[in-house]
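Read through the structure below, which is laid out as structure tokens, and then see the notes.
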Amino acid sequence: MTGKKDLLAEIDFYLVTDSGLSKKGTLFDVQDAVASGCRIVQYREKKKSTKEMIAEALQIKTICSDDAIFLVNDRIDVALAVDADGVHIGQDDMPIDIARAILGAGKIIGLTVHDIDEAIEAEKSGADYVGLSPIFDTATKSDAGKGIGTERIRDVKNAVNIPIVAIGGINKKNCKNVIENGADSLVAISSVVCSDDVKRETKEFIAIIREALGRIS
Ligand code: TZP
Ligand code: MG
Numbered sequence: 776m777t778g779k780k781d782l783l784a785e786i787d788f789y790l791v792t793d794s795g796l797s798k799k800g801t802l803f804d805v806q807d808a809v810a811s812g813c814r815i816v817q818y819r820e821k822k823k824s825t826k827e828m829i830a831e832a833l834q835i836k837t838i839c840s841d842d843a844i845f846l847v848n849d850r851i852d853v854a855l856a857v858d859a860d861g862v863h864i865g866q867d868d869m870p871i872d873i874a875r876a877i878l879g880a881g882k883i884i885g886l887t888v889h890d891i892d893e894a895i896e897a898e899k900s901g902a903d904y905v906g907l908s909p910i911f912d913t914a915t916k917s918d919a920g921k922g923i924g925t926e927r928i929r930d931v932k933n934a935v936n937i938p939i940v941a942i943g944g945i946n947k948k949n950c951k952n953v954i955e956n957g958a959d960s961l962v963a964i965s966s967v968v969c970s971d972d973v974k975r976e977t978k979e980f981i982a983i984i985r986e987a988l989g990r991i992s
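FYI, in this note's numbering the residues of the sequence shown are 776 to 992.
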């Protein structure tokens, strides 16, 4: 197996960038999170031009280096342009079999799912992990819909063998519950990038998640 797929087994806190919410800026957030032990970064940028995205993505790739998986949200063209480790796509984006044909077997493809059926379908289609969304209500993504609750994580966990990344409304108070209900990894965008200290927040999330997963830090 080529690429960084093996690293997927080690992910816990998963950073998704948000330049609109970030206090210090996306590159600082990535730098701080990776320096604090984050092993997976998704570059999610909705406002910048393709040219700006490619320039920023190249810098993120350098920061992630061999230490963290570097994925691009939605933009398969940008992922290809910078030779990222893969992409994260949604239900209405490019069908996964076509994305796989374009990206190749060694790249990581994550797919957002909302229920068991979508998760089973994602695994069958060759997704490397699912992003289960939204666990709780969130103001960060206006069209995310209502939170599905932590019990649904266990249902999805029992239905698929690929890693489950939980997303939506997760903070330091509820994240232990999210992991105890079956998530392998989690995203907490606003909790981390809106804080004054991304390094500290990342470290604290990682410590809580690893303890809940029973991993030694
Ligand atoms: N996809 C589903 S919910 C969400 C995304 C990108 C936003 C999560 O943000 P937060 O601040 O962690 O609730
Ligand atoms: Mg998308």
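Here a beta-carbon is modelled for each residue, glycine too, at the ideal position from N, C-alpha and C. Keep in mind it's a predicted model, so treat the numbers as computed, not measured.
Can you give me the start and stop residues for the beta strand (DSSP E) that residue i sits inside?
i                 : result
phenylalanine 803 : It is not in any beta strand (DSSP E) - phenylalanine 803 instead sits in the alpha helix (DSSP H) that spans 801-810.
Where do the ends of the alpha helix (DSSP H) carrying residue i lie?
i              : result
glutamine 834  : 825-839
leucine 782    : Run containing leucine 782: none; DSSP gives neither H nor E here.
asparagine 952 : 950-955
threonine 741  : Residue 741 lies beyond the stretch modelled for the chain, which goes from 776 to 992, so this question has no answer here.
asparagine 933 : 926-934
serine 900     : 891-900
aspartate 872  : 871-878
Provide the residue(s) that pair with residue i in DSSP beta bridges, ordered along the chain.
i           : result
valine 905  : Leu886, Ile939
leucine 790 : Val816
leucine 961 : Phe788, Ala941
leucine 846 : Gln817, Gly861
Note down, in chain order, each residue of its chain lying with its Cβ closer than 7 Å to the Cβ of residue i, except the 5 sequence neighbours on either side.
i           : result
alanine 856 : Ile829
Check whether the Cβ of residue i lies closer than 6 Å to any heavy atom of the ligand MG, and answer yes or no.
i             : result
glycine 865   : yes
aspartate 852 : no
aspartate 793 : no
aspartate 849 : yes
Could you tell me if the beta carbon of residue i falls within a distance shorter than 6 Å of some heavy atom in the ligand TZP?
i              : result
lysine 916     : yes
proline 909    : yes
isoleucine 964 : yes
So, is the C-beta of residue i closer than 7 Å to a C-beta in chain D?
i             : result
glutamine 866 : You won't find chain D in this structure, because it holds only one protein chain.
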